[in-house]
Amino acid sequence: MSLLTEYSQPIEERLVRLWKQDARDALGRVLHEVYNADGKFTPLERADFETFLGRVKSDARTVQGLDLGASLALLEKDPVHRKVTYVWIAHALFADGGLNAAEKSFVERIIEKYGLDAAQLHAEIKATQSRKIEEGMKAILAELGS
1 MSLLTEYSQP IEERLVRLWK QDARDALGRV LHEVYNADGK FTPLERADFE
51 TFLGRVKSDA RTVQGLDLGA SLALLEKDPV HRKVTYVWIA HALFADGGLN
101 AAEKSFVERI IEKYGLDAAQ LHAEIKATQS RKIEEGMKAI LAELGS
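Residues 1 to 146 (this note's numbering) are what the sequence shown spells out, left to right.
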């Protein structure tokens with residue numbers, strides 16, 4: 001289990017569960033878009049998405065029917081919602097193991113098109129990537145030590 005999943009994700013899910021349903025659904029819509037950013041909705045991404053929806057009591061059909069721009073606009077209004085959204089975007093980008101060129105391009109497109117805070121989103125992505133590298137190094141060291 002990743003450090004993000006083990007520590008940050010449950011905290012973020014607890015925060016998200018306290019949000020109004022429209023904000024929870026909006027976050028689900030954003031995540032669905034991120035998971036599909038590279039045109040591949042992998043089994044790992046699908047499982048992650050379905051788990052998220054279950055934990056925050058959102059429905060896939062409802063979420064997928066929402067407008068992405070309206071969802072992002074709703075989440076951008078509140079600094080806490082924005083922060084949590086950016087953490088979840090970063091998590092979703094790495095759900096299948098890595099960040100590819102299509103996903104990087106997607107991030108730049110949504111920053112430009114929807115006026116997201118580029119510095120804040122890039123910082124969350126970098127922090128998540130650093131955690132992933134650290135996890136990988138710990139796993140290698142654990143294998144070597146056993």
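Glycine included, every Cβ here is placed at the ideal spot set by N, Cα and C.
So the alpha helix (DSSP H) residue i belongs to, where does it begin and stop?
i: Ser130; result: 118–145
i: Val84; result: 79–93
i: Ala26; result: 21–35
i: Gly69; result: 68–76
Please state if the CB of residue j and the CB of residue i are separated by a distance shorter than 8 Å.
i: Glu108; j: Leu93; result: no
i: Ser58; j: Asp25; result: yes
i: Arg29; j: Leu66; result: yes
i: Val56; j: His32; result: no
For residue i, does the three-state DSSP call read helix, strand or coil?
i: Met1; result: For Met1, the predicted structure reports a pLDDT of 42, less than 50, and the residue's modelled location is therefore unreliable. The matter cannot be settled from this model.
i: Val63; result: helix
i: Thr42; result: coil
i: Leu18; result: coil
i: Ser105; result: helix
i: Val48; result: Looking at the sequence provided, one finds Asp at residue 48 rather than Val. Reduced to three states, the DSSP call for Asp48 is helix.
i: Tyr7; result: Caution is warranted here: a pLDDT of 47 is assigned to Tyr7, below 50, making its placement in the model unreliable, and no coordinate value can be reported.
i: Ala97; result: Checking the sequence, you will find Gly at residue 97 rather than Ala. Gly97 falls in the coil class under three-state DSSP.
i: Gly115; result: coil
Return the chain-ordered list of same chain residues with a C-beta closer than 8 Å to the C-beta of residue i, the five sequence neighbours on each side being excluded.
i: Ile133; result: none
i: Leu121; result: Tyr86, Ile89, Ala90, Val107, Ile111
Can you list, in chain order, the residues of its chain with a C-beta nearer than 6 Å to that of residue i? Leave out the 5 residues immediately preceding and following it.
i: Gln129; result: none
i: Thr42; result: Asp96
Counting only the same chain and skipping the five closest in sequence on each side, list residues whose C-beta sits under 7 Å from that of residue i.
i: Ser71; result: Ala26, Arg29, Val30
Does the segment 105–121 touch the segment 46–59, meaning 3 or more C-beta pairs lie closer than 8 Å?
no
Using a Cβ distance threshold of 8 Å, determine whether the segment 31–39 contacts the segment 75–82, with at least three qualifying pairs required.
no
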